[in-house]
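Sequence order for the protein chains is E and R.
Just so you know, we're using the numbering used here here: the first sequence kicks off at 54 and counts up by one.
Just so you know, we're using the numbering used here here: the second sequence kicks off at 373 and counts up by one.
Quick reminder that beta carbons are idealized off the backbone N, C-alpha and C, glycines included.
Bear in mind the structure is a predicted one, so any value in this text is a computation, not a measurement.
The structure under discussion appears below in the form of structure tokens.
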Amino acid sequence: MDSNTANTIGLLRSIIAEAYAESPHLLHVLYALQRQFLHISDEAVREVAAHLDLPLSQVDAVVEFYSFFHKIPRGRYDILFSNCTSCGYMAGGVDLMAMLGRRLDIVAGNTRGDGLVSMDQTSCIGMCDHGAALLVNGMPIVSLDAAMIDRIAALVEAETPLEDWPAEWFQVDDNIRVSGMLLKDDLSTGIGLSTMLALDAAGTLSEIIQSGLRGRGGAGFSTGMKWQFCREAQGAARYVVCNADEGEPGTFKDRVLLHSHADSLFEGMAVCAFAVGAKQGYLYLRGEYRYLLPHLQSVLARRRGLGLLGVDILDQPGFNFDIDIVVGAGAYICGEESALIESLEGKRGIPRTRPPFPVTHGYLGQPTVVNNVETFIAATHIVLRGSAWFRAVGTEKSAGSKILSISGDCAAPGIYEYPFGVTIRQVLDDCGAKDAQAVQIGGPSGTLIGSAEFDRRLGFDDLSTGGSLMVFSQARDMLAVIVNFAHFFAHESCGFCTPCRVGTVLLKNGLDKIAGGHGTRYDLDEMQRLATLVKSRSHCGLGQTAANPILDGLQRFPQAFEQRLVHRDFEPHFDLDAALEEARQISHRDDAAAHIE
Amino acid sequence: MSADIKQSPITKNTITIDGQEIPFLAGQTIMDAALAAGVYIPHLCHRQGFTPHGSCKLCVVDIASRSASACTMPAVAGQQISNNTPALNEARKTITQMLFIEGNHICPSCEKCGDCTLQAMAYHLGMLDGHFPQFFQRREVDASHPTVMLDRDRCILCELCVRASREVDGKNVFAIAGRGINAHLVVNSASGKLVDSDLETSDMAAHICPVGAILIKEHGYEVPIGQRTFDLHQVSEIGLEKTILTKVRQPDE
Ligand SMILES: Cc1cc2nc3c(=O)[nH]c(=O)nc-3n(C[C@H](O)[C@H](O)[C@H](O)COP(=O)(O)O)c2cc1C
Ligand code: SF4
Ligand code: SF4
Ligand code: FES
Ligand code: FES
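Given below as structure tokens:
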């Protein structure tokens, strides 16, 4: 081995050892390497496998699964534009990514030859109330416009360190517009836990069950029942996991809760730990929110200092509980609870077969509660104020409030907390959505409704949502929205099952064909048939909801598709002009003669 | 599931598949019970004795109009299951077409032709073409191993080789890497090549592939077309896996 290689290996090993000592999770070690070397080389994979005693193929498989790990070096400035309909690079109507690409002479997806900069698009980064947004080396820059793009290009070319970029660009606001029962009062630290100790574990569990609290992450399972199943399950250990993956496009309320209500969240996790008998908790934070990590770590440290985490919490002998934070690396599927657990275990985020469910066979095969950020915060409030207080708000089937992330075509995007049962019309009035033609409720995986349905209500028995509510005005091309969502799902499918892995790509391609003006009636019928198959036959919630925007769109906005059809029975998928794109790129041509229409 | 087995080792109960009552033992999946009773449910990623995988979705059935994978769904007394219906077989045909067009399957030039379960499934379901536009994905061929050939063009990601290596051979030669449509088979060795792995010709993993992705070298066309497994058998014959495996390992038998 020459001395150069020996040096590289030595550096690799020291970075791996240091990262591993900080946190033994594979994702953390890989992040440290990606950050240092801007990619994860084959040698790095070998060293990680050796140090963590994992199969090489497992490390390799994980590197290739997550969007934020790369085998080919990224630039020293790695720029990722959100491609969400609300905070994406097209949000202001101009293609900001293409603009930056021209300024920096770089094509999306690539690293520039000099290694200075790389640029790509990424799924929604949760900045939807701030307009177009990007991540540069993991830090969000919001409210982008053309002028900023010019300045960013100049700062990159001048190799200005990020610390010296305008600080206000990185300012992410809470934008809380309407506060309800949870957001109104900021609980004093530890008050939920001390109230809980007076109730004891059984009393706490019964309060949570009585309250009617249902999961805020989307599926709406009874939180009290979930905790009870976990408590009753056989296991050597129990775990409490907070799902802060918040990957559903248009959702950003957990970002605000993590930023401004982290104490209530960690308190809720401790309450759950006490009720189910867990000693260890994990917060699974989406990679896009890594910038919140220092803040969250400091809240945890402060709570340890106050005796609210650690050993003998609040002097209660045997009440031991602590929380680690594990940061994801760009994979929407890891919000699905069993994929999240796989990811925590250092694997690809592939959803498990159910049954068994996490409450009996979760993290490391042990009973595990997985709840959304908002669910834990609601639990803290319920313990403090009682189940009756909670039940008094909302509806029979949907107790309490829901915190919405509202974005899109409205005057005041931001955070709105409403009692369940509120009408969509009310919500639209409040956020200043004057000429909405459609609302996407619960994100792309949720429900797309038109104006005829604005009197429907928010709740588990009507319109259910994990928190995303995207408004689309009359000016929007609804087909473009649906195409955007189809691309999202094809990009995020985990690839485990055939209907979702292949089906989401076929749906994407089919919609592109229609949107490109090459679709026929036959293609529309195919979309309907395929969408139904993907929805009913996929393995997990991703595939089972991926076709919703298409099915809802075909039903409610058929004209958006039909006006693009060519009136022939059949058009081939092969597009001669598109096939020339590679040649155009190589020859740097885009003139009329380089196209065939 | 293991808990159920412990609870009631001798409970005998029944499920109903297409109107036929079928007994099952606690701990069995719908697939287990069906195959034991001689009822065929189409499957590609399932193999008796291996940990169920549930990925190919050929085994989709409807339980009281809810979709489920027969190979992973525990049998529960009283389940009313639809299996051999036109609608389900149509869905299975579409799923089979998906598997064909995402890979590169040129059957006439493939040594597995006639012994291939994917091809046989296509015939069984009356599939006449790929229907969808081909993806033409670029996939790597690994010819590095002295006796075993890996052609990823034909891989359907069923993970039978992954499981055979782990569960039968006591090794860990294969894994799936990547996400979504980029998912692909990887080899657990420093170079990523088969030659540097501990795969041996006698391993179950070298023989289990239902398609022509993993083939034994220098044994091509020993059985002439016309006398191959699916020239003589239907894919729906129960217990055929054993026949195939014996045949692949000792072609003269
Ligand atoms: C593809 C997919 C993505 C999901 N993403 C999230 C997420 O980002 N956050 C979340 O809380 N739940 C998410 N879920 C739901 C979780 O699987 C799980 O139901 C939830 O975390 C349970 O918590 P709750 O009961 O408090 O809602 C997702 C589900 C699917 C199928
Ligand atoms: S693996 Fe099967 S389906 Fe694929 S080319 Fe070979 S014979 Fe045809
Ligand atoms: S190589 Fe064969 S056995 Fe292995 S995953 Fe691919 S198709 Fe299945
Ligand atoms: S569950 Fe991930 S591809 Fe189907
Ligand atoms: S046989 Fe059941 S999913 Fe493949």
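Nearest to R/Phe504 by alpha-carbon distance, out of E/Asp95, E/Gly563, E/Met192, is E/Gly563. R/Val513 has its alpha-carbon roughly 24 Å from the corresponding atom of E/Val558. The secondary-structure analysis by DSSP pairs E/Cys295 across a beta bridge with E/Leu336, E/Asn424. For E/Gln527, there is no enclosing beta strand (DSSP E), as DSSP marks it with neither H nor E.
Looking at the DSSP output, E/Asp95 sits in no beta bridge, so it has no partner there.
If you look at R/His496, you'll find it in the alpha helix (DSSP H) that goes 489-496. Secondary structure note for E/Phe118: its alpha helix (DSSP H) is the uninterrupted segment 109-118. Counting other Cβ atoms within 10 Å of its Cβ, R/Tyr593 stays below 16 and is therefore classed as exposed. The alpha-carbon of E/Arg308 is positioned some 20 Å away from that of E/Thr242.
Between ligand 1 and the CB of E/Cys550, the shortest heavy atom gap is not smaller than 7 Å.
Close to R/Pro414, with beta-carbon spacing below 9 Å, lies no residue of chain E; the smallest spacing is near 12 Å. Interface residue (Cβ-Cβ distance to chain R less than 8 Å): E/Gln111 is classified as such. In chain E, no part has a C-beta under 8 Å from the C-beta of R/Ser481; the shortest such distance is about 23 Å.
Between ligand 1 and the CB of E/Tyr342, the shortest heavy atom gap is not smaller than 7 Å. Within the region 168-199 of chain E, the runs of beta strand (DSSP E) that reach at least 3 residues and sit entirely inside it are, in chain order, 170-175, 187-189, 192-194. Distance check between E/Gln527 and each of E/Gln479, E/Thr585, E/Gly467, E/Cys463 places E/Cys463 closest, using alpha-carbon atoms only.
Taking 8 Å as the cut-off, the Cβ atoms of E/Gly415 and E/Thr406 do not count as close.
Boundaries of the alpha helix (DSSP H) harbouring E/Val555: 551-568, taken from the DSSP string. Going by beta carbons, E/Gly556 and E/Val536 fall outside the 8 Å limit. Contact annotation: the region 529-539 of chain R touches the region 568-581 of chain R, with at least three C-beta pairs closer than 8 Å.
Take the alpha-carbon of E/Ile567 and the one of E/Asn136: they are about 20 Å apart. Taking CB atoms only, E/Ser196 has no neighbour in chain R less than 8 Å away. In this structure, E/Ser451 lies near E/Phe473, with their beta-carbon atoms less than 8 Å apart. Residue-level contact by beta carbon holds for E/Gly548 and chain R, with a gap shorter than 8 Å. Along the region 425-446 of chain R, the positions whose C-beta sits under 7 Å from a C-beta of chain E are Gly426, Ser427, Cys428, Lys429, Val432, Ser439, Thr444, Pro446, read in chain order. In the displayed model, R/Arg535 falls within a helix according to three-state DSSP. In the displayed model, R/Glu590 falls within coil according to three-state DSSP, outside both helix and strand. E/Met523 sits close to E/Ser139, with the two beta carbons spaced by under 8 Å.
Of the heavy atoms belonging to ligand 1, at least one sits nearer than 7 Å to the Cβ of E/Val423.
If you look at E/Phe327, you'll find it in the alpha helix (DSSP H) that goes 315-329. Interface annotation for the region 554-580 of chain E against chain R: Arg554, Val555, Gly556, Thr557, Val558, Leu559, Asn562, criterion Cβ-Cβ distance under 8 Å.
Residue contact check for E/His540 against chain R: no CB pair falls below 8 Å. Where R/Met521 is concerned, the enclosing beta strand (DSSP E) starts and stops at 520-523. In terms of beta-carbon proximity, R/Ile453 stays away from the interface with chain E, with every pair separated by 8 Å or more. Scanning chain E for C-beta atoms nearer than 7 Å to the C-beta of R/Asn560 yields Pro108, Leu109, Ser110, reported in chain order. With a minimum length of 3 residues, the unbroken runs of beta strand (DSSP E) contained wholly in the region 445-511 of chain E fall at 454-461, 467-472, 489-494, 500-503.
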